[in-house]
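Chemist: Numbering (the numbering used here), first residue to last: 2 to 213.
Can you read through this structure? Questions will come right after.
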Amino acid sequence: MILNLNPETQQDYFLFYEQNVRPLLNTVASQPITGYHGIDTHTYNVVFRGVDYALKLRQNPLPVLFACALHDIARTDDTYDKNHAYAALPKAALILKQFSDHLSQEQHSAILRAIQTHTEGRHASDYISACLWDADRTRLSWTRGYRERFFTTPYAKRVASLSNPGVYLRYQALILKRPLEDRENILADRNKNLQDEVLSSLKKMLRLNQGR
Ligand SMILES: [Fe+2]
Ligand SMILES: [Fe+2]
2 MILNLNPETQ
12 QDYFLFYEQN
22 VRPLLNTVAS
32 QPITGYHGID
42 THTYNVVFRG
52 VDYALKLRQN
62 PLPVLFACAL
72 HDIARTDDTY
82 DKNHAYAALP
92 KAALILKQFS
102 DHLSQEQHSA
112 ILRAIQTHTE
122 GRHASDYISA
132 CLWDADRTRL
142 SWTRGYRERF
152 FTTPYAKRVA
162 SLSNPGVYLR
172 YQALILKRPL
182 EDRENILADR
192 NKNLQDEVLS
202 SLKKMLRLNQ
212 GR
């Protein structure tokens, strides 16, 4: 396969994903296109963040881009399902085969390893796993609260612990030269969780007032 551009900047890598990798996902993915874990919602952002995190480490973002693009392709819905990581491997291998001229055997194996372990990995064995896991877990951190032990790379720790994730979304919009968008519904989800917290503490206060 001839790649029609040579990525250099973060925007180039993302365009490379959109033009060369994203169209192939439809051929093998059982993952929904939209929704909480969709290709054009969740995966879209994980690819952006993964490439960003790899560049900040001064590492080659290409293997990370593939790991991020392919990590959830065997999902069928949003339910809790650890098996989707393992089930993604044959599908991912089919896609990677098309880029075999551009990835070494070591990179190929590292991409599959990062995908296989992304649901339960604790200690990343290389930067590819580290960047995929960090990029995947950033949303959860923004909406449910930051826990340092789930993150590996220093820059991702800074991003995931942002008190206002809108700052990062604005940065992403700037890099991609696109309007500000929130495809993972981070801001809505975060507000919902904040509302839930306020609501539950209000309920607790009410119960106390009623002597219960
Ligand atoms: Fe996943
Ligand atoms: Fe994911």
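We put the beta carbon where it would ideally sit given N, CA and C, even for glycine.
Since the model is a prediction, treat every value here as computed from it, not as a measurement.
When DSSP labels each residue in this structure, what does residue 109 get in the three-state scheme?
Modeler: Helix at residue 109.
Chemist: Looking only at its own chain, which residues have a Cβ that is under 8 Å from the Cβ of residue 180, when we skip the five neighbours before and after it?
Modeler: Closer than 8 Å at Cβ, skipping near neighbours: 174.
Chemist: What does the alpha-carbon distance come out to for the pair residue 285 and residue 62?
Modeler: Because the chain in this structure spans residues 2 to 213, residue 285 falls outside the shown range and cannot be described.
Chemist: What is the DSSP secondary structure of residue 37, counted as helix, strand or coil?
Modeler: Three-state DSSP puts residue 37 in coil, outside helix and strand.
Chemist: Classify residue 71 as buried or exposed, calling it buried when 16 or more other Cβ atoms lie within 10 Å of its own Cβ.
Modeler: With 16 or more other Cβ atoms within 10 Å, it is buried.
Chemist: If you scan the stretch 27-111 from start to end, which runs of the alpha helix (DSSP H) of 4 or more residues do you find wholly inside it?
Modeler: Here the runs fully enclosed are 45-57, 62-71, 84-98.
Chemist: Going by C-alpha distance, which of 22, 140, 96, 119 is nearest residue 162?
Modeler: Of the listed residues, the one whose Cα sits closest to residue 162 is 140.
Chemist: Please state if the CB of residue 83 and the CB of residue 156 are separated by a distance shorter than 9 Å.
Modeler: It is not a contact, given that the beta carbons lie outside the stated cut-off.
Chemist: What does the shell around ligand 2 hold, if a residue joins when its beta-carbon is under 5 Å from any heavy atom?
Modeler: Selection output, chain order preserved: 73, 137.
Chemist: Mind checking whether residue 188 and residue 166 have CB atoms under 9 Å apart?
Modeler: The answer is yes: Cβ separation under 9 Å.
Chemist: If you measure between the beta carbons of residue 136 and residue 22, is that distance less than 9 Å?
Modeler: No, these two residues do not count as a Cβ contact at 9 Å.
Chemist: Tell me the rounded alpha-carbon separation between residue 19 and residue 203.
Modeler: Distance between the alpha carbons of residue 19 and residue 203 is about 46 Å.
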